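Residue numbers (my numbering), protein chains in the order written: chain F, 1 to 143; chain H, 144 to 286.
No residue lacks a Cβ here, since even glycine has one placed at the ideal position from N, Cα and C.
Only a predicted model underlies this, so the values are computations on that prediction, with no experimental measurement involved.
Structure, as structure tokens:
2 protein chains.
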Amino acid sequence: MAKKQKKAFREFLESQNLRLTREREAIIEHVLRKHGHFDPEELHFELKGNGAKVSRASIYRTIPLLVNAGIIEKVENTDKHAHYELILGRKHHDHMLCTRCGKVIEFYSEGLERLQDRLCKAEGFKGNSHTLEIKGLCSRCNR
Amino acid sequence: MAKKQKKAFREFLESQNLRLTREREAIIEHVLRKHGHFDPEELHFELKGNGAKVSRASIYRTIPLLVNAGIIEKVENTDKHAHYELILGRKHHDHMLCTRCGKVIEFYSEGLERLQDRLCKAEGFKGNSHTLEIKGLCSRCNR
DNA sequence: AAGCTTATTGAGATTGAATCTCAGTCTAAG
DNA sequence: CTTAGACTGAGATTCAATCTCAATAAGCTT
């Protein structure tokens, strides 16, 4: 695996007349190995530890490319800086966020997806992505 | 109107041993007069124009208080900095965001609310607020 | 494989939203 | 009216994110 996302990235770059450099390759490969959410500084730190020489600037420059290529997506957290997660090749899901312990629960509901489609149709809106974040207390914290 | 939100704010401040100052009062009164989304710098600029003398620092310090008091809520936009909107006394709603023209459509669905309650229950999660943002193209841009 | 055009990189400067500092001020309780 | 401690404003500071620009490398062309 991982082939699929790299292929998508390569094709995206090509379509934009952009180049697949060692740096961009190191970044996407690292992202594909990650589970859960991550942020740019974290990527930078980990890539440095890996021996890859990729500057902070390149990371910040590559992230929007990965987003536009549909490979990762920004997820909104409580935190002040941006967080991302891999989406291409993963099943879509939404998040519940525990405001006490910070736990993130991923969930998926077919009914929710269908309902949203219906709501969009009612507004004449062509939705192509969405983010649903429910804040509250997880089962452990709610006692 | 506007009484209701000011009362809630006063009670919130009291419960936290905080004080209702002229500055905080000017801020909440201005917020109550606003429609739609706003950001801190905008508030600062407008309050200055109003003749109210409220520093940028006080605005940034007051906003989290209004959020904690349940009077306003952060809304996530495409932009890099934080945006807010009045929620206390308004009906809850979610957003569709046109990625082409920036138009924001507010919508509400009872079914959506109920479905979310059910999903929370299934996870043992006690949800107490949520944000659903659908990105796509509005009817005008989708041609 | 060499040449060439143009995208890309990295280090450091820069921006800008948000936060912090601290001395002077004001609120609210007694 | 007094007092304790919350609050304010101006400016400094932080820090994520972006920009600059000279040096480098991708990848098409021959």
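Whose C-beta lies closer than 8 Å to the C-beta of residue i among residues of the same chain, with five residues either side of it excluded?
i: H/His173; result: Leu186, Glu189, Leu190, Asn193 and Ala195
i: H/Tyr251; result: Lys234, His235, His236 and Asp237
i: H/Ile230; result: Gly213, Ile214, Ile215 and Glu216
Can you grab the Cα-Cα spacing for the pair residue i / residue j, in whole Å?
i: F/Gly136; j: F/Thr99; result: 6 Å
i: F/Glu25; j: H/Gln259; result: 39 Å
i: F/Ala57; j: F/Glu23; result: 11 Å
i: F/Glu133; j: H/Glu219; result: 11 Å
i: H/Lys146; j: H/Ile214; result: 12 Å
i: H/Val197; j: F/Asp79; result: 27 Å
i: F/Leu18; j: F/Glu11; result: 10 Å
i: F/Glu41; j: F/His81; result: 10 Å
i: F/Glu113; j: F/His83; result: 23 Å
i: F/His37; j: F/Glu85; result: 5 Å
i: F/Lys126; j: H/Gly254; result: 20 Å
i: F/Glu14; j: H/Asp182; result: 38 Å
i: F/Ala8; j: F/His35; result: 19 Å
i: F/Pro64; j: H/Leu163; result: 43 Å
i: F/Asn128; j: F/Cys120; result: 10 Å
i: H/Arg286; j: H/Met239; result: 17 Å
i: H/Arg176; j: F/Arg33; result: 49 Å
Which same chain residues, not among the five before or five after residue i, have their C-beta less than 6 Å away from its C-beta?
i: H/Ala261; result: At residue 261 of chain H the sequence reads Arg, which differs from the Ala that was named. No residues qualify anywhere along the chain.
i: F/Asn68; result: none
i: F/Lys103; result: Cys138
i: H/Ile170; result: Thr205
i: H/Leu209; result: Ile215
Who are the near neighbours of residue i in its chain, counting only those whose CB is closer than 7 Å to its CB and skipping five residues on each side?
i: F/His130; result: Gln116
i: H/Cys284; result: Cys241, Arg243 and Cys244
Please report the residue range of the alpha helix (DSSP H) in which residue i lies.
i: F/Ser58; result: Arg56 to Asn68
i: H/Glu256; result: Glu253 to Glu266
i: H/Phe181; result: From DSSP, H/Phe181 is part of no alpha helix (DSSP H); its letter is neither H nor E.
i: F/Leu13; result: Lys3 to Ser15
For residue i versus residue j, is the C-beta distance shorter than 7 Å?
i: F/Ile105; j: H/Glu266; result: yes
i: F/Gln5; j: F/Gly89; result: yes
Let's see if you can read the secondary structure: which residues bound the beta strand (DSSP E) around residue i?
i: H/Thr274; result: Lys269 to Leu280
i: F/Leu88; result: That residue, F/Leu88, is in no beta strand (DSSP E); it is neither H nor E in DSSP.
i: F/Glu76; result: Unbroken run through F/Glu76: none, as it is neither H nor E.
i: F/Leu97; result: Asp94 to Cys98
i: F/Ile105; result: Val104 to Phe107
When you check each C-beta in the segment 90-104 of chain F against every C-beta of chain H, which residues fall closer than 8 Å?
Met96 and Cys98
Members of the segment 129-141 of chain F that neighbour chain H once the beta carbon cut-off is set at 7 Å:
Ser129, His130, Thr131, Leu132, Glu133, Ile134, Lys135, Gly136, Leu137, Cys138 and Ser139
Mind listing which residues of the segment 188-201 of chain H have their C-beta closer than 8 Å to chain F's C-betas, in chain order?
none
Counting only Cβ-Cβ distances shorter than 8 Å, please list the residues of the segment 1-16 of chain F near chain H, keeping chain order.
none
Taking a Cβ distance cut-off of 8 Å, strictly less, list which residues of the segment 59-77 of chain F are near chain H, in chain order.
Glu76
Interface positions of the segment 32-45 of chain F facing chain H (Cβ-Cβ less than 9 Å), listed along the chain:
none
Residues of the segment 252-270 of chain H with Cβ closer than 7 Å to any Cβ of chain F, in chain order:
Ser252, Gly254, Leu255, Leu258, Gln259, Leu262, Cys263, Glu266, Gly267, Phe268, Lys269 and Gly270
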